[in-house]
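Numbering-wise, my numbering puts 780 at position 344 of the sequence shown, and it's gapless, one number per residue. Below you'll find the structure, written out as structure tokens, and then a few comments.
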Amino acid sequence: MTTTQIYLVPGFFGFTKLGAFNYFHEVATVIKSKLLDQGIDPQVIEVETIPTGSIRRRAEVLIEAVRKNGGQHADNLHFIGHSTGGLDIRLMLTPSVKLHSGQLETQIAQRTRSAISLSTPHHGTPMASFFTSMNGRNLLLILSLLATSRPGRYSIYSMARLLNKYARLDHLLGQRDDILDSLAENLLNQLRPDQGDAVWAYLRRIAEDQGAMVQLTPEGMDLFNAAVLDCRDVDYVGFITASPPPTARLLMPKRSSVYGTFTHLIYTICYQITQKEHPHYLYPRLDATTRDTVQNTLGSSLEPTSNDGIVPSLSQFWGKVGGVYSADHMDVVGQFDHAKDTGVYPTWMMSGSGFNEERFGQVWGDICQVVARNQKDQ
């Protein structure tokens, strides 16, 4: 029987689970369903990572996850990386790379059929440049102090209690099912002030290792791309996201919620930071065929300013083009507004992309097509 493993690799600031939040929300379920329809029964593995750690250290974590799950003995390996996760995959598969003792890298590469990147900053992102600036470093310093000091933890814990009470007040005012409700239910209710809580552990990992900050700048990725080569016989496919530029309309609350307005504002700030192309490290320009594909899909062209709120769209191209979608950075991993039997799942970032369950199914259906066409029967 042919064995197939699919590894889902989270991005910058990524996690597997935080409280009841799942980074790849419902992705594994969709993948298994779509591939079973094609006669493929995969094991889907969501990989833990170092949130802001260097790409090398993140790749070491990835290769260790493959070893623990016996991937070096599988018939088919497929890697799907969201955001920085796509770079972890590329580094791990680089010919002659040494991340682990023995021949583990070679064994994994020989069994790898596809390396799929989704919203990945292959040519860098100005967002990383922001975090290496004084303002960005100060923000990370504050996070570090909050995570590693007892007063900091109790300050956040007290704020979480207040937000919980505010969420209940929201309900009395008729404002339900917004991002605050989701935070209260999935994270704030479970938060504890003791340092063993998963939230503090996550923030400590950010405080301890911020190596990816410099590496994800356009300058850093210029060097990365010169040294990190594609592995022969592996299908490299990139999936591209672009969300609409913010407008005054986006700053109006979607459901009369202050939190909707707040996330619109965050998106606006992120988009404006990300749209600034480095004057000396330009993104690749598209050939005529790809430009036509983008135009037909999005109804508009991709410019150097186009981005998904975190990563410039032109920076996401690497290998074959698997698809181009109107979506913000987190939409494609299931973090978008949608209703389920259990209630409404709110978006993390109200970008106005209009992303929905149909598009979510399309994105992962297209990704599953790449997996299916690269399968090898034993």
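Quick reminder that beta carbons are idealized off the backbone N, C-alpha and C, glycines included. Bear in mind that the values here come from a model prediction, so they are computed numbers and not experimental data.
By the 10 Å Cβ neighbour count, where 16 or more other Cβ atoms means buried, how is residue i classified, buried or exposed?
i: Ser618; result: Because Ser618 sits at a pLDDT of 48, beneath the cut-off of 50, its placement in the model cannot be relied upon, and the point is left open.
i: Ala583; result: The predicted model places Ala583 with a pLDDT of 49, which falls under 50 and marks its position as unreliable; any figure quoted below should be read in that light. That one is buried.
i: Arg812; result: The question names Arg, but residue 812 is Lys in the sequence shown. Looking at its Cβ environment, which holds fewer than 16 other Cβ atoms inside 10 Å, Lys812 is exposed.
i: Ile705; result: exposed
i: Thr561; result: buried
i: Gly470; result: The question names Gly, but residue 470 in the sequence shown is Lys. By the 10 Å Cβ count, Lys470 comes out buried.
i: Arg668; result: exposed
i: His820; result: The shown model of the chain, from 437 to 814, leaves out residue 820, and the question about it has no answer.
i: Gly797; result: exposed
i: Asp773; result: buried
i: His518; result: buried
i: Gly507; result: buried
i: Arg809; result: exposed
i: Asp767; result: buried
i: Leu652; result: buried
i: Ile615; result: Because Ile615 sits at a pLDDT of 49, beneath the cut-off of 50, its placement in the model cannot be relied upon, and the following sentence gives the value as read from the coordinates. Classification for Ile615: buried.
i: Gly735; result: exposed
i: Ser585; result: Only weak support is given to the placement of Ser585: the predicted model assigns it a pLDDT of 47, under 50, and the question is left unresolved by the model.
i: Met437; result: exposed
i: Pro715; result: exposed
i: Ala724; result: exposed
i: Thr783; result: buried
i: Trp800; result: buried
i: Ala551; result: buried
i: Glu794; result: exposed
i: Ala663; result: exposed
i: Val807; result: buried
If the criterion is Cβ atoms closer than 7 Å, does the pair residue i and residue j meet it?
i: Phe675; j: Leu554; result: yes
i: Val650; j: Thr568; result: yes
i: Ser679; j: Asp764; result: yes
i: Gly745; j: Gly489; result: no
i: Thr520; j: Phe566; result: no
i: Pro740; j: Tyr719; result: yes
i: Tyr707; j: Met785; result: no
i: Arg493; j: Ile486; result: yes
Would you mind working out which of the options sits nearest residue i, comparing C-alpha positions?
i: Val730; options: Leu750, Ile746, Tyr717, Lys712; result: Leu750
i: Glu462; options: Met786, Ala808, Val769, Asn810; result: Val769
i: Val673; options: Asp728, Lys756, Arg727; result: Lys756
i: Ala495; options: Val533, Ile702, Gly788, Met563; result: Val533
i: Gly538; options: Phe515, Glu500, Ala564, Phe566; result: Glu500
i: Asp671; options: Ile486, Arg526, Glu482; result: Arg526
i: Ala564; options: Gly758, Gln805, Val747; result: Val747
i: Thr677; options: Arg492, Leu738, Ile702, Ile491; result: Leu738
i: Thr530; options: Asn661, Val807, Asn810; result: Asn661
i: Gly790; options: Leu498, Lys468, His536, Pro681; result: Pro681
i: Lys504; options: Arg493, Ser742, Val483; result: Val483
i: Gln805; options: Gln474, Asp666, Gln771; result: Gln474
i: Asn743; options: Lys712, Pro446, Val502, Lys468; result: Lys712
i: Tyr459; options: Ser787, Val807, Arg795, Gln771; result: Gln771
i: Leu665; options: Trp754, Arg721, Asn732, Thr733; result: Trp754
i: Pro446; options: Leu498, Thr726, Arg727, Thr683; result: Leu498
i: Gly788; options: Ile516, Thr683, Thr726; result: Thr683
i: Leu540; options: Ile516, Phe515, Val502; result: Val502
i: Thr733; options: Tyr717, Arg721, Gly759, Gln752; result: Gly759
i: Phe515; options: Leu722, Phe698, Ala464; result: Ala464
i: Arg721; options: Ile467, Gln752, Leu472; result: Gln752
Going by DSSP, which residues form a beta bridge with residue i?
i: Val480; result: Ile442
i: Ser553; result: Gly517, Gly674
i: Gly759; result: Phe675
i: Asn732; result: None; Asn732 has no bridge partner.
i: Pro748; result: Asn743
i: Asn512; result: Thr440
i: Thr548; result: Leu513
Three or more C-beta pairs below 8 Å linking the region 461-478 and the region 441-451: yes
State whether the region 509-522 contacts the region 547-566, with contact taken as three or more CB pairs (one from each stretch) at a distance under 8 Å. yes
For the structure I just gave you, are there three or more beta carbon pairs, one from the region 554-565 and one from the region 656-674, closer than 8 Å? yes
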